[in-house]
Amino acid sequence: EAGITRPRGYNVSFHCNPDMEQHHFGQTHPMKPWRLTLSKSLIYSYGMSFAMDNYISRAATYEELASFHSTDYLDFLGTVLPEPIPRDLENQNPDLKFNLGGSDCPLFEGLYDYCSLSAGGALDAARKITSKQSDIAVAWGGGLHHAKKAEASGFCYINDIVIAVLELLRYYPRVLYIDIDVHHGDGVEEAFFSTDRVMTVSFHKYDPNNFFPGTGALEDNGPKSEHNPGAHHAVNVPLNDGITDEQYGWLFDKVIGQIVDKFRPGAIALQCGADSLAGDRLGRFNLQVQGHGACVEYCRKMNLPLILFGGGGYTPRNVARAWTYETSIAIGCQDKLDPLLPPHAPWRDHFRHETLFPTLEQILGEPRQNRNTQKRLTEIVQHVTEQLRFVEA
Ligand code: ZL4
Ligand code: CA
Ligand code: ZN
Numbered sequence: 014e015a016g017i018t019r020p021r022g023y024n025v026s027f028h029c030n031p032d033m034e035q036h037h038f039g040q041t042h043p044m045k046p047w048r049l050t051l052s053k054s055l056i057y058s059y060g061m062s063f064a065m066d067n068y069i070s071r072a073a074t075y076e077e078l079a080s081f082h083s084t085d086y087l088d089f090l091g092t093v094l095p096e097p098i099p100r101d102l103e104n105q106n107p108d109l110k111f112n113l114g115g116s117d118c119p120l121f122e123g124l125y126d127y128c129s130l131s132a133g134g135a136l137d138a139a140r141k142i143t144s145k146q147s148d149i150a151v152a153w154g155g156g157l158h159h160a161k162k163a164e165a166s167g168f169c170y171i172n173d174i175v176i177a178v179l180e181l182l183r184y185y186p187r188v189l190y191i192d193i194d195v196h197h198g199d200g201v202e203e204a205f206f207s208t209d210r211v212m213t214v215s216f217h218k219y220d221p222n223n224f225f226p227g228t229g230a231l232e233d234n235g236p237k238s239e240h241n242p243g244a245h246h247a248v249n250v251p252l253n254d255g256i257t258d259e260q261y262g263w264l265f266d267k268v269i270g271q272i273v274d275k276f277r278p279g280a281i282a283l284q285c286g287a288d289s290l291a292g293d294r295l296g297r298f299n300l301q302v303q304g305h306g307a308c309v310e311y312c313r314k315m316n317l318p319l320i321l322f323g324g325g326g327y328t329p330r331n332v333a334r335a336w337t338y339e340t341s342i343a344i345g346c347q348d349k350l351d352p353l354l355p356p357h358a359p360w361r362d363h364f365r366h367e368t369l370f371p372t373l374e375q376i377l378g379e380p381r382q383n384r385n386t387q388k389r390l391t392e393i394v395q396h397v398t399e400q401l402r403f404v405e406a
């Protein structure tokens, strides 16, 4: 077997920190930081570390976190102690400070370290890009898109994406943010609501009353005011249950293609939340590893500096599949991977109960009924085309 060789032209850097992966949100909480360890084990088992620059990310400093977050919030986050909340009172406490301590955003041991390591990895990735040492920088521990300036939300406490994009904006006039997590990227959208230097695009399951966070309608495109430069710079692609690889790929191509032509970004930040995969514990879509990865491939082919962030993903073995495949796309070695998972690896037990010979790409699980019509998808593309008339590079 020939090893994986470094393709000429693309420098890929990989940013992680094992200390981040040790944290626990609580017994049955869906967010499991050890999915990062599982992903990394699989990536290393395929030998991909030899084709990338590997960095142990540092913790972001208080000042770096304060580039986006309010100091009131950071000071509180730095001092709160884990406080077990009685089960029957969960989320009924009306005075959660900064939305911290409920069941979605619990207080746990080492919370501040977890957050600053996630942001540190994202910021290291951004700096490798701006210093031109990397063409593609991978930070699977980041992608926590719901966090607000002074509020935790949806398992996210610190918005590492916003912090990294702010760093990119010191070097690039315009940055394109794309979010393929099944949830709406509300925190990133809101952070850049009043600038025309960042265009945010989120694809998500949309059902205002039944699916978190309930925002991200097609018509929500930034503050409507004439005098706000950020108007028209938020693109939302609201979807229904069960969307397939074919439909998603078609939409992604039409939507992102037009945006890149018109907006002409200097860099792309792609949030690769893996909860848009079929079989996800919280998700609703039918995307396969191939369809999810096709979005990464599409961005890579734009030949622009690219950061890949993690995000959601609640069926750890499928998260590991997707992020391993997507790391291989970044490197450009996806066609050289053995489709069967390497045997005798310690992490193999996580996959073995599925089938005797688990593969990298095949997700097991019942597909959901597809509730997306071509008519609606065409309407979405039409809306984006019209929206882009108001956007200039
Ligand atoms: C859980 O089992 O929709 C949290 C959260 C904790 C442990 C035991 C407590 C049981 C599912 C979710 C009570 C849980 C009640 N435990 C959760 C409106 C809600 C209020 C909280 O991928 N309850 C809130 C957030 C979403 C809501 C999704 C996605 C993040 C990202 C980027 C965030 N919040 C209803 C739910 C469990 C839990 C089981 C849960 N929470 C599922 N969806 C939510 O976009 C990283
Ligand atoms: Ca999304
Ligand atoms: Zn999500």
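Take 14 as the starting number for the sequence shown in this note's numbering and just add one per residue. For glycine and all other residues, C-beta sits at the position ideal for the given N, C-alpha and C.
Inset, instruction - State yes or no: is the C-beta of Asp-288 nearer than 6 Å to some heavy atom of ligand 3? - result: yes
Inset, instruction - Express the C-alpha separation of Ser-289 and Trp-153 in angstroms, rounding to a whole number. - result: 15 Å
Inset, instruction - Verify the contact flag: Pro-43, CB atom, against every heavy atom of ligand 1, threshold strictly below 6 Å. - result: yes
Inset, instruction - Assign Gln-387 to one of two classes, buried (16 or more other C-beta atoms within 10 Å of its C-beta) or exposed (fewer than that). - result: exposed
Inset, instruction - Could you tell me how far apart the beta carbons of Val-248 and Ile-281 are, in whole angstroms, since I believe they sit closer than 8 Å? - result: Wrong, their Cβ atoms sit about 14 Å apart, outside the cutoff.
Inset, instruction - Using 6 Å as the cut-off, classify the Cβ of Asp-199 as near or not near the heavy atoms of ligand 2, replying yes or no. - result: no
Legend entry - Check whether Ser-83 and Ile-176 have beta carbons under 7 Å apart: no
Inset, instruction - Let me know the secondary structure DSSP gives Val-211 once reduced to three states. - result: strand
Inset, instruction - Determine the DSSP secondary structure at Ala-406, reduced to helix, strand or coil. - result: coil
Inset, instruction - For the alpha helix (DSSP H) holding Pro-251, just list the boundary residues, first then last. - result: It is not in any alpha helix (DSSP H) - Pro-251 instead sits in the beta strand (DSSP E) that spans 247 to 252.
Inset, instruction - Could you tell me the boundaries of the beta strand (DSSP E) in which Ser-129 lies? - result: From DSSP, Ser-129 is part of no beta strand (DSSP E) but of the alpha helix (DSSP H) over 124 to 143.
Inset, instruction - Report yes if the C-beta distance between Pro-95 and Phe-121 is below 7 Å; otherwise report no. - result: yes
Legend entry - Local Cβ density within 10 Å of His-366, reported as buried at 16 or more and exposed below that: exposed
Inset, instruction - Consider the C-beta atom of Ser-215 and the heavy atoms of ligand 2; say whether any pair is separated by less than 6 Å. - result: yes
Legend entry - Neighbourhood of Glu-339 by C-beta, 7 Å cutoff - its chain only, sequence neighbours within 5 removed: Cys-285, Gly-306, Val-309 and Leu-321
Legend entry - Those residues which DSSP pairs with Glu-164 across a bridge: Lys-161
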